[in-house]
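To convert, count from 1 in the sequence shown and add 7; that's this note's numbering.
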Amino acid sequence: MGRIEESVEIDAPIEAVYRAWTERASLPACMRGGAERGVVAVEVAPLDRIAWSGGEERPGHSGVVTFHRAGAADGEDSTRVMLQLDTEPHGLWDHLVEGLGFTDRHVIDELAAFKADVERGGPGLAA
Numbered sequence: 008m009g010r011i012e013e014s015v016e017i018d019a020p021i022e023a024v025y026r027a028w029t030e031r032a033s034l035p036a037c038m039r040g041g042a043e044r045g046v047v048a049v050e051v052a053p054l055d056r057i058a059w060s061g062g063e064e065r066p067g068h069s070g071v072v073t074f075h076r077a078g079a080a081d082g083e084d085s086t087r088v089m090l091q092l093d094t095e096p097h098g099l100w101d102h103l104v105e106g107l108g109f110t111d112r113h114v115i116d117e118l119a120a121f122k123a124d125v126e127r128g129g130p131g132l133a134a
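Following this line, the structure appears as structure tokens:
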């Protein structure tokens, strides 16, 4: 089983970042379509964390995203998003992709795109 842990600091208040994460259109592409693939939310604590499981269709897949106020001491209104994904590759191709680090790179790129989208106030994301 592979574990991916990444984080990003976003120059936006925690409320805007959490709202953006929970809106399907702004969700990083690696996270979209979860319901169609049997992903089930197992814990939702607004403005704090969301945890999910791959359910019956994707056993061995799970994750958690947490939201942390950052920069409060210096007056900045920013949020740290920490993402942890546990994946279980199935088949030779999945093992190769994960072994070469493509999955990690994809998650890093998606978090960077999410950050950019939130910071520029993408559709419906204005604080």
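Beta carbons: idealized from backbone N, C-alpha and C, even for Gly.
{"query": "Three-state secondary structure assigned by DSSP to residue 63", "result": "coil"}
{"query": "Alpha-carbon spacing of residue 62 relative to residue 47, whole angstroms", "result": "6 Å"}
{"query": "Three-state secondary structure (DSSP) of residue 153", "result": "Given a span of 8 to 134 for the chain in the structure shown, any question on residue 153 remains unanswerable."}
{"query": "Beta-ladder partner(s) of residue 16, from DSSP", "result": "87"}
{"query": "Pick from 119, 126, 11 and 25 that is closest to residue 51, judged by C-alpha positions", "result": "25"}
{"query": "Whole-Å CB distance - residue 87 paired with residue 16, under 8 Å assumed", "result": "5 Å"}
{"query": "Beta-bridge partners of residue 74, as assigned by DSSP", "result": "88"}
{"query": "Whole-number beta carbon distance between residue 125 and residue 58, since they are thought to touch under 8 Å", "result": "With 8 Å as the limit, residue 58 and residue 125 do not qualify as a contact, their Cβ atoms being about 21 Å apart."}
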